[in-house]
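Asker:
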Amino acid sequence: MIELKSAEEIDRMAATGQFVGELLAELREVAAVGVNLMDLEHHARRRIRERGAESCYWDYSPSFGRGPFRNVLCLSVNDAVLHGLPHPYVLRDGDLLSIDMALGIDGWVADSALSVVVGTPAPDDLKLIEATEVALEAGIDAARVGSQLGDVSAAIGEVARRYGYQVNNEFGGHGIGRTMHEAPHVPNSGRPGRGMRLRPGLTIAIEPWLCRGTDKIRFDGDGWTIRSADGSRAAHSEHTVAITEAGPRVLTRRPGHDTRPGNRSGQSAASA
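Quick note: the sequence shown uses the UniProt record's numbering, first residue 1, plus one each step.
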């Protein structure tokens with residue numbers, strides 16, 4: 001069942017989204033060469049607790065996971081792209097880090113992700129991150145009243161292919177609102193003019209993720225971390241978006257965030 005949200009309910013989701021965006025921006029600045037992934041995890045735990053928010057990841061137990069997820073962040077490094085399990089790994093020069101987070105405040109949820117290079121960025125990594133960000137913006141722009149879900153998916157996939165990447169549709173975006181995962185599923189590739197028609201009040205997480213050399217994935221032994229099957233690097237970008245009569249409303253924008261092509265937004269401040 002798909003629940004359409006009222007303007008007031010979208011505003012409440014936006015309050016959650018603002019905090020998610022602010023915290024992701026903080027974590028991006030904290031991520032640097034020599035920082036342990038668990039430092040990022042504990043920074044997020046502290047800030048979530050201070051805000052009175054709740055992690056949607058803690059105790060999350062989907063069919064593909066191995067036991068409940070007992071962290072508040074997904075931290076995926078280099079060839080890992082989704083659901084990376086935080087562990088005592090110290091970030092190295094040139095690592096590509098994806099940070100994904102979903103939180104609830106007063107019963108309303110927002111979900112967002114970014115990828116960043118710590119230390120010295122390789123041009124191929126910046127191109128990969130840029131592709132996910134441009135694809136995300138294309139998907140957002142297509143998320144308009146009267147359009148169809150396939151228009152969003154097609155816009156994402158077109159950008160990915162233009163950059164030279166293949167698309168995996170096993171995992172993608174999703175409805176969101178009172179819980180982290182609601183209907184509908186939002187694939188990262190599709191055909192325009194297909195699928196459900198977008199109506200005011202629909203809230204979705206749009207999240208293109210790409211691997212440099214393949215569209216095939218594999219799971220780590222931890223049952224959570226998803227990696228590119230060929231070991232190539234991967235990146236992930238995500239925003240929570242509300243469909244409104246005035247156009248798509250991004251609820252998780254980060255302070256100072258700019259995803260225009262060529263701005264090298266995937267490079268951390270510590271490496272600039």
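The beta-carbon is built from N, C-alpha and C at its ideal position, and this holds for glycine as well.
(1) Is it buried or exposed, Glu245, if we count other Cβ atoms within 10 angstroms and call 16 or more buried?
(2) Name the DSSP beta bridge partners of Tyr60, please?
(3) Can you tell which of Leu128, Asp222, Glu182, Arg218 has the C-alpha that lies nearest to the C-alpha of Ile206?
(4) Just verifying my parser: in three-state terms, what is the DSSP assignment at Gly17?
(5) Can Ala113 and Cys56 be called in contact, C-beta distance under 9 angstroms?
(6) DSSP three-state label for Arg197, please.
(7) Taking one C-beta from the stretch 24 to 34 and one from the stretch 51 to 65 each time, how about it: are there three or more such pairs within less than 8 angstroms?
(8) Do you know offhand how far Asp220's Cα is from Ile226's?
(9) Using the C-alpha atoms, what's the distance from His87 back to Arg45?
(10) Write down the C-beta distance between Leu24 and Glu54 rounded to the nearest angstrom, noting that I regard them as a contact closer than 8 angstroms.
(11) Spatial neighbours of Ala15 within its chain, please: C-beta separation below 7 angstroms, excluding the five flanking residues on both sides.
(12) Quick check on the burial criterion: 16 or more other C-beta atoms within 10 angstroms. Buried or exposed for Ser76?
(13) Whole angstroms is fine: what's the gap from Val72's alpha carbon to Gly223's?
(14) Would you list the one or two residues that DSSP bridges to Arg227?
(15) Count the other C-beta atoms from every protein chain shown that fall within 10 angstroms of the C-beta of Pro255, then say buried if there are 16 or more, exposed otherwise.
(16) Say whether the stretch 207 to 215 touches the stretch 120 to 138, bearing in mind that this needs 3 or more beta-carbon pairs closer than 8 angstroms, one atom from each stretch.
(17) If you measure between the beta carbons of Asn188 and Ile156, is that distance less than 9 angstroms?
(18) Between the C-alpha atoms of Gln18 and Arg70, what's the straight-line distance to the nearest angstrom?
Answerer: Let me spell this out:
(1) Position 245 of the sequence shown, counted from the start, is the residue given in the question as residue 245. The residue is exposed, with fewer than 16 neighbouring Cβ atoms inside 10 Å.
(2) Mapped onto the sequence shown, residue 60 falls at position 60. Phe69.
(3) Counted from its first residue, the sequence shown places residue 206 at position 206. Closest by alpha carbon: Glu182.
(4) To locate residue 17, count along the sequence shown from 1; it is residue 17. In this structure, Gly17 counts as helix in the three-state DSSP scheme.
(5) Locating residue 113 in the sequence shown gives position 113, counting from the first residue. Locating residue 56 in the sequence shown gives position 56, counting from the first residue. Taking 9 angstroms as the Cβ cut-off, Ala113 and Cys56 do not qualify as a contacting pair.
(6) As a first step, residue 197 is located in the sequence shown; it is residue number 197 there, counting from the start. Three-state DSSP puts Arg197 in a strand.
(7) no
(8) Residue mapping note: residue 220 aligns to position 220 of the sequence shown, counting from 1. Residue mapping note: residue 226 aligns to position 226 of the sequence shown, counting from 1. Cα to Cα, Asp220 sits roughly 6 angstroms from Ile226.
(9) Within the sequence shown, the letter at position 45 stands for residue 45. Within the sequence shown, the letter at position 87 stands for residue 87. About 15 angstroms.
(10) The count along the sequence shown starts at 1 and reaches residue 24 at position 24. The count along the sequence shown starts at 1 and reaches residue 54 at position 54. Actually they do not touch by this definition, with Cβ atoms about 17 angstroms apart.
(11) Against the sequence shown, residue 15 aligns to sequence position 15. Excluding positions up to five away in sequence, the list reads Ile105.
(12) By 1-based counting over the sequence shown, the position of residue 76 is 76. Classification of Ser76: buried, given that the 10 Å Cβ count is 16 or more.
(13) Within the sequence shown, residue 72 is the residue found at index 72, counting from 1. Within the sequence shown, residue 223 is the residue found at index 223, counting from 1. Near 17 angstroms, if we compare the C-alpha coordinates of Gly223 and Val72.
(14) On the sequence shown, position 227 is the one that residue 227 refers to. Per DSSP, Ala80, Arg218.
(15) Residue 255 sits at position 255 when you count from the first residue of the sequence shown. Exposed, since its Cβ has fewer than 16 Cβ neighbours within 10 Å.
(16) yes
(17) Translated into positions along the sequence shown, residue 188 becomes position 188. Translated into positions along the sequence shown, residue 156 becomes position 156. Yes. Within cutoff.
(18) By one-based count along the sequence shown, residue 18 stands at place 18. By one-based count along the sequence shown, residue 70 stands at place 70. One C-alpha to the other measures close to 24 angstroms.
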